[in-house]
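Below: the structure, in structure tokens.
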Amino acid sequence: MDIPTWTSEVAPAQWETHLNLELQLEQPTRRRNSVSSGRKGLTELLDRNREWAAATVKESPNFFIKLSAQQNAEILWIGCSDARVPPNQILNLKPGEVFVHCNIANEVVHSDLNCLSVIEYAVVHLKVKHIIVCGHYGCTGIKAALSQQEFGIVDNWLRNIKDLYIEQQAHFQATSTPKHKMNLLTELNVAKSVRRVCHTRIVQNAWKNGHNLSVHGWCYSIEDGEIRDLHICVTEESQVEPIYQRMKEKETSELPVSSNIPFTPRQRYNVPSSPTRQNKDKDIVLSDIKLDHFTSTSFQLFRPSRRFLGAMVVLSAALLAKNGKVMVARQFVEVSRIRLEGLLTAFPKLLASESRQHTFIDTESVRYVYQPIESYFLLLITNKTSNIVEDLHTMQLMAKLVPDICGTLTEAHIREKQFDLVFGFDELLTAGGHSENITLQQIRTNMEMESHEEKLHLMIQKTKQENAIADMKRQQQRIKEEQREKARMEKAAGMTSPFNRNSSYGGFGSNSSGFTSPSASSSSNSFKAAEPYIEAPKQSSSSSSRTSGMKLGGSKPGNSFLDAMAAEDDLKDIPPMAMAAANIPAPTAKPEPAAAVSHEPVGIAIEEKLSVVLNRDGAVEQLEVKGSLFVAGNDPESSVCRLRLRHSNANGINFQTHPKVDKKLFESQSILALKDDSKPFPPSRVAVLRWAIKTQDESFLPLNITCWPEEEGNGKMTVSLEYSMDREMNLENVNIIIPLGANDLPQISHIDGDYRHNPSEGSLLWHLDTIDSSNSSGSLEFSIRGNNLDAFFPIGVSFFSRSIYCDLAVDSVIRTSDGSPVKYGFDQLVSTDSYVIQ
């Protein structure tokens, strides 16, 4: 569809009449068919609508059917909201042929999301061919911008027009009448809006994608109803800036030819003839124009500012110390280093010689715009044609940006954030030195540079690191297993003494205390409970796959001898299942608390290790408790002491004292003391008393767990687990590890507590922070693919508690010399060494 065009003519002579700029609400001319007030007026409007619809259907029966199918607008009209400028009527087009966006004074502002959304919808979805920015002479918004009155919120919207007037103020002074001034501002405002439309990414991307799109600038005269073509037509990205050169040099039809201003152009446009350009009234593309010289001086009235021509630029943005030291300097145009250093070096001298209090300094070639900020100066170096108002606005935003990036302005912080400052300056100023219409929040968002690909890469890296750490822990646990198994074999062969292990007694030596130096782990972690270890036997043979065939070789005889020795001492192998189970971290598990490191003169700790083996029916096959009492003398004088204990030999508890402890005194009076009363207890903790409980009595069982796997018949299994606690204990950090026999994720239907699935180990961890009288029983139910009932055993359990099994307490600690009391710290802990349901 062709765009209707209007030839440019000289404005009517009556425009030279004086225009009163005092803005008052003008009474609109009463229509012949006025609308009544109240609800009656609404009824009249509805009646008029029905009359119009009936007349339209009579004229074109299928009009509304076609209109309701899809709008086929090829024109986007950006105009004023003035009711006297209806786009369809003045273009003589029917509904559906023009896509309209209106606001006060036909402004296009890059922060107006409403306008940008309309442009995007029209260009991207409707595929319009023309965008027309149309102002109109006598615009009330232009009048308001030229006045000095306050109108309310609209003043903020009209600020862009006021800024445009300030930029061109020198040219407005040559206008003869106020009406000429308002007409000139109207046309320049249209030109500015056209430029902003062309500068949007929406329009520029459309041109890059081959979209046949042109942007026009028009002005409508309410006095005669005709549209004046300003001869602004942009059809490609390369023409964005030359549009203002054309506005500068074209002959305008809006200003009347005054008798006192000669105007004798030799030739308006010299357009080469072309077969495709038969109609001289069509829009002229900028690249086809050859501009002649004008002899008129009146065209100077339309010379736009250097800002329009792209000459107003920021050469450099810098942050300087008050002594002239350059911290950061960012250049936005090509300038030699020697010249830039000269400009920056000259600034402190000019500042010292400047007696007036200003925020800018003009020199012969450049302008310095500066602002003090703490002990530094923010500096913009611009050319002299720069708009000082806009430069000050840029400076204000820079003054907010620099502290936002650096925080406290110190030289160390600035050097640390140098690149961030450069990035921030680049967001504020474009390459070429033009300021961006941007806010501080938008700069923050752009500098975050959030990237989905980067997040994905970091997630992959984190997963790799976690897998490497988990693999390292498994290797460490495997090495510990090998060392433990080797130690047991050596013990079975009678090669070491029973007190050579870290958790047991120390040996004997020549030191003054009679005890050897403790191991590194004991000395660095005084009164720290041993790390719980989840031990589980190997899976039953029924759960493992059975293979048949020839087997080469047999078991080695050496191993048979060591196995026989281990069997005599009731030693058992530790399977690798415990290692895998122990490596699964609890989802919300709290770390096992160590026995508190006492700062009292004497520290005392009681620790018990629990080993339990249950069968699948919940019966106790083995229950063993091994405990130790540790003493550490933190004060050499107070460590020469005795411990008065209170204990009971019930439950078949047998106590064993350290060889350096007076055993007879303990058995007769329940007092722990060294055989040599003159020697103190060592400064690092040492086990001076041990005991053991071995039974199959279920009343000793802290936690009973039953597991009921059932086949559903569709290749899936439902597993129900239940725990119960009949003993009065408070269990903390309870972890129950269930092997799944598969790597699939189980479907949890019910759980008391939390869980975590470990696909690499094929196990499920059931975690409870605490089990006490308030939750003495609980259950877990899940389903998983499989058909092997034995795949869910053995089950490993770990926990710790402050309720010990042994009836042992410390009544007091007294000095050996005079029997005076000694302050002491005390802690007790029971944890699992091995807790298995098989």
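Numbering (UniProt numbering), first residue to last: 1 to 838.
Note that beta-carbon positions come from the ideal geometry of N, C-alpha and C, so glycine has one too.
Neighbourhood of residue i by C-beta distance below 6 Å, restricted to the same chain and skipping five residues each side
i      : result
VAL123 : ILE202, ALA206
ILE757 : As written in the sequence, residue 757 is His, which differs from the Ile given in the question. The residues are LEU745, LEU764.
PRO601 : ASN634, ASP635, SER638, VAL822, LYS823
ARG330 : ALA317, VAL422, PHE425
TYR835 : VAL612, VAL797
SER238 : none
ASP420 : ILE405
Backbone CA spacing between residue i and residue j [nearest angstrom]
i           : j      : result
GLN476      : ALA470 : 10 Å
GLN622      : VAL612 : 5 Å
ALA673      : ASP662 : 6 Å
TYR755      : ILE373 : 55 Å
THR363      : LEU380 : 13 Å
ARG478      : PHE793 : 21 Å
CYS115      : ILE104 : 12 Å
residue 847 : SER773 : Residue 847 is absent from the structure shown; the chain starts at 1 and stops at 838.
ASN49       : SER451 : 53 Å
ASN615      : LEU665 : 43 Å
TRP157      : GLN441 : 21 Å
GLN838      : PRO739 : 11 Å
residue 840 : ALA809 : Nothing about residue 840 can be reported from this structure: the residues present for the chain run from 1 to 838 only.
LYS400      : GLU466 : 41 Å
ASP404      : GLU436 : 18 Å
GLU454      : ALA144 : 51 Å
LEU164      : SER193 : 11 Å
PRO468      : SER760 : It is Ala, not Pro, that sits at residue 468 in the sequence shown. Going from the Cα of ALA468 to the Cα of SER760 covers about 13 Å.
SER375      : ALA352 : 16 Å
VAL128      : GLN204 : 14 Å
GLY825      : HIS599 : 7 Å
GLY225      : GLN418 : 59 Å
ILE443      : ASP391 : 18 Å
Residue(s) in a DSSP beta bridge with residue i
i      : result
CYS707 : LEU721
ASP229 : TRP218
PHE377 : LEU320, PRO372
ASP754 : HIS767
ARG50  : Bridge partners of ARG50: none, in fact.
PHE655 : TRP691
Inter-residue CB distance, residue i and residue j (contact presumed, cutoff 8 Å)
i      : j      : result
GLU187 : CYS219 : 6 Å
MET327 : LEU340 : MET327 to LEU340, Cβ: 15 Å. No contact.
PRO680 : VAL640 : 5 Å
ILE78  : HIS130 : Incorrect: roughly 11 Å between the Cβ atoms, too far for contact.
ILE438 : GLU427 : 6 Å
LYS694 : GLU624 : 5 Å
ILE795 : ARG644 : About 43 Å; that fails the 8 Å criterion.
N- and C-terminal bounds of the beta strand (DSSP E) containing residue i
i           : result
ALA317      : 314-321
ASP833      : 824-837
residue 842 : The first residue shown for the chain is 1 and the last is 838, placing residue 842 beyond what the model contains.
ALA687      : 686-695
residue 842 : Limits of the chain in this structure are 1 at one end and 838 at the other, which puts residue 842 out of reach.
ASN733      : 731-739
GLN622      : 620-633
GLY96       : Unbroken run through GLY96: none, as it is neither H nor E.
ALA329      : 326-331
Neighbourhood of residue i by C-beta, 8 Å cutoff - its chain only, sequence neighbours within 5 removed
i      : result
VAL313 : PHE332, VAL333, THR382, ASN383, SER386, GLY432, GLY433, HIS434
ALA742 : GLY762, ILE784, ARG785, GLY786, ALA791
ASP818 : none
ILE388 : PHE360, ARG367, VAL369
SER214 : LYS129, HIS130, ILE131, CYS233, VAL234, THR235, ASP283
Residue span of the alpha helix (DSSP H) that contains residue i, given as start and end
i      : result
PRO61  : Run containing PRO61: none; DSSP gives neither H nor E here.
ASP165 : The residue you asked about is not Asp; residue 165 is Tyr in the sequence shown. Looking at the DSSP string, the run of the alpha helix (DSSP H) that includes TYR165 is 159-167.
ASP404 : 388-406
SER779 : Unbroken run through SER779 is the beta strand (DSSP E), 777-785; no alpha helix (DSSP H).
ARG210 : First, the residue type needs correcting, since residue 210 is Gly and not Arg in the sequence shown. From DSSP, GLY210 is part of no alpha helix (DSSP H); its letter is neither H nor E.
ARG339 : 337-353
HIS413 : 411-416
SER668 : 663-669
ARG727 : Taken as a continuous stretch (DSSP letters only), ARG727 belongs to no alpha helix (DSSP H), as it is neither H nor E.
Contacts around residue i, its chain only, beta-carbon distance under 7 Å, and the 5 residues preceding and following it disregarded
i      : result
SER779 : SER720, LEU721, GLU722, HIS750, ASP752
ASN160 : GLU107, VAL109
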